[in-house]
Every structure is written in structure tokens, then in C-alpha cells.
Amino acid sequence: MERVGPSHITPPLSGDDISIEMERITHQQSQTCSEERISFDLAEYTANVDGVGTLRLLDAIKTCGLTNSVKFYQASTSELYGKVQEIPQKETTPFYPRSPYGAAKLYAYWIVVNFREAYNMFAVNGILFNHESPRRGSNFVTRKISRAVAKIHLGQLESFSLGNLDSKRDWGHAKDYVEAMWVMLQQEEPEDFVISTGEVHSVREFVEKAFKHVGKTIVWEGKDENEVGRCQATGVIHVKVDPKFFRPTEVDYLQGDCSKAFQRLGWKPKVTFEELVKEMVDADIELMRNNPNA
1 MERVGPSHIT PPLSGDDISI EMERITHQQS QTCSEERISF DLAEYTANVD GVGTLRLLDA
61 IKTCGLTNSV KFYQASTSEL YGKVQEIPQK ETTPFYPRSP YGAAKLYAYW IVVNFREAYN
121 MFAVNGILFN HESPRRGSNF VTRKISRAVA KIHLGQLESF SLGNLDSKRD WGHAKDYVEA
181 MWVMLQQEEP EDFVISTGEV HSVREFVEKA FKHVGKTIVW EGKDENEVGR CQATGVIHVK
241 VDPKFFRPTE VDYLQGDCSK AFQRLGWKPK VTFEELVKEM VDADIELMRN NPNA
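According to full-length UniProt numbering, the sequence shown is numbered sequentially starting from 1.
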């Protein structure tokens, strides 16, 4: 199937929109959530793309008579857990989304389950915790950090601003998680799985690791929106806190329990947190060195 963008899944899909020569569909398109609170600013659009867009794809599969021949994967999200009801979060943990993005993805999750049960369709949700790589969009906090650290290292930037430094996430590498998606689609029976590392790190830790990789130690001063991160050696402020990057409703702590994936799929992550941070910083140093305006 060709790559489908938001403009393709916001209107209803007909039989003419979908190829019948396929075995698998992986639905990863979404209007996503980031530190800029995009889904709060575009709540209706987010619901249309992330929630109803999933329904349109499933309905197209049914309309084309492909329910018995196509395997469907839906990229779900740890944002379903939002205001977490238990730590760590697993497949049976109650959902409590805290953003329009999370709420839309909750609808997508349940419509996948509904079509699976109603039409005996091979349709699965991968509840993926944050997965990063050098190709991550620059509006996401991890890439925002790696880009800024690269620019500071190269003398192209002095400081940058973040939101909640103490927000904690379970970060893994995208290539490990794509492998998990593939393995999910190779199973005989459709099941939903949490995909995560089981480790938790704060935004603050990500900043510290990234700067450490380029030979800088960051020390913190102040509290809340007045907190700053200085280079220990030079005293220069490299990190500031800006309230505009806080969400109206924060998601403070996400940690996945991927034991079901390990037991049923034989899957486990390979790339460590430190390796991930280094890879992202190195890639952005190379990018900014060759193209400072990238």
C-alpha cells in the first residue's frame, strides 16, 4: 500500500483508495503530541486524523472484503496511560489519557479491538512507549535536545528552552520497536502488546547525557520556571525553562512493562538509553556541521 498522509485518511476511504494486493497494513500516521502541545491547539483535527482516521482504514479493509487476508497493525501509544494508575504500565493497566492526542488514540485502540472481535480481523495495537532515533521530528523533546546540544557544541547556539525537566519517560530506539511491530504481525493470533524498555529517565537526564557526550557538565540552579542549566566549566547558561512548553495537563511518569512481549514474542530491546542519546547527538553534529540551517 502506498504511504498515506493525513489528507488521505481524513475523508472517508472507498474501495478505489486501497490496493487489494497486500498482506499487511501498518497504520502509523497521526497528528501527534509534543512539548509544543500541538494536539491541544488542534484538538478537532487530532481526533479526526488519529481516531476516526483509524476507523476509516479498518472500514476500507472490511468494504474491500479483505478481513480474512490482511493483517492490520495500529501504532498505539503510552499516552493512553496519561495519569498513570499503576507503575509500570502493562496491557491490563487502566487507561487515563491526558491530552486530545491520547484521547483520540484511545478511540483508535478500542476501534481496532472492536473490528478484531466483530469481524474476526487480524488487527492489533502496539502500545509503544517513546521510541527515538536521529530521524525524530525536531518538535519532539529528545530531538530538540540533541539538535540544540549539537549546535552549542559547534558554536552555532548559546541556549535553548524546555518545559518540564522532571517529566519521566521510557525511551527506546525506533529500530528495536519496528522489529517488535514486525514480529507482532507474524503471529498466528492477533494480540495487543506493550513495547518498551522498562527503564525510566527524565528530560533532565537526557539533557545531562547529551551534554556529557560533547564534554560539558551541566549544573542546575533555581526552581520551576526560573531554573537554568549552566556549563560547569564556563558558567554559560545553555538550558532555560519556558512555561509555554508545559502542557495544560502533564503526563509525568511513563514506564512500560514489556514482559508479555518478551514471553510471547521473544522480543526485547537492544539499544541502551546512553547509546540512543549518543547516536542522536552524533547525527545532529554531523548534520549541523554540514548544514547549520538544517
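Heads up, the beta-carbon is just placed ideally off N, CA and C, and yes, glycines get one too.
On the DSSP bridge assignment, give the partners of residue i in chain order.
i                 : result
glutamate 221     : Val228
residue 334       : In the structure as shown, the chain begins at 1 and stops at 294. Residue 334 is therefore absent and cannot be evaluated.
phenylalanine 140 : According to DSSP, which records beta bridges pairwise, phenylalanine 140 is partnered with nothing at all.
glutamine 89      : Gly256
alanine 108       : Bridge partners of alanine 108: none, in fact.
phenylalanine 72  : Ile25 and Ala123
Got a sec, what are the start and stop residues for the alpha helix (DSSP H) residue i sits in?
i                 : result
serine 99         : Unbroken run through serine 99: none, as it is neither H nor E.
glutamine 263     : 259-265
alanine 210       : 203-213
phenylalanine 246 : Per DSSP, phenylalanine 246 belongs to no alpha helix (DSSP H) and is neither H nor E.
threonine 54      : 53-63
Can you name, in chain order, every residue of its own chain whose Cβ lies under 6 angstroms from the Cβ of residue i, other than the five neighbours on each side?
i            : result
glutamate 36 : Because glutamate 36 carries a pLDDT of 44, less than 50, the predicted location of this residue cannot be relied on, and the following value inherits that uncertainty. Contacts found: Asn139.
valine 113   : none
glycine 222  : Val228
arginine 116 : Ala123 and Pro190
By the DSSP assignment, the beta strand (DSSP E) with residue i in it spans what residues?
i            : result
valine 39    : Note that residue 39 is serine in the sequence shown here, rather than valine. Here serine 39 belongs to no beta strand (DSSP E); instead the alpha helix (DSSP H) covers 38-41.
lysine 240   : 237-241
threonine 26 : 24-27
Going along the chain, which residues of its own chain have a beta-carbon closer than 8 angstroms to the beta-carbon of residue i, five neighbours each way excluded?
i                : result
glutamine 232    : Lys216, Thr217, Ile218 and Val219
isoleucine 25    : Met1, Leu57, Ile61, Val70, Lys71, Phe72 and Tyr73
aspartate 242    : Ser161, Leu162, Gly163 and Glu225
phenylalanine 40 : Ser99, Pro100, Arg247 and Pro248
If I measure Cβ to Cβ from residue i and keep anything under 7 angstroms in the same chain, skipping five residues before and after, which residues do I get?
i           : result
glycine 137 : Arg143
Comparing C-alpha positions only, which one of the options sits nearest to residue i?
i              : options                           : result
serine 78      : Arg56, Ala104 and Ala60           : Ala104
isoleucine 152 : Lys212, Lys62, Trp267 and Ser39   : Lys212
proline 248    : Asp50, Ser99 and Gly53            : Ser99
valine 194     : Val52, Tyr96, Leu265 and Val271   : Leu265
asparagine 130 : Ser167, Ser39, Ala108 and Asn120  : Ser167
threonine 234  : Phe122, Phe115, Arg147 and Glu158 : Glu158
methionine 184 : Asn125, Ile237 and Gly172         : Asn125
arginine 230   : Ala283, Arg204, Asp284 and Ala294 : Arg204
Just to confirm the assignment: which complete beta strand (DSSP E) runs, minimum length 3, are found wholly within the segment 143-199? Within the segment 143-199, complete beta strand (DSSP E) segments of at least 3 residues are found at 160-162 and 193-195, given in chain order.
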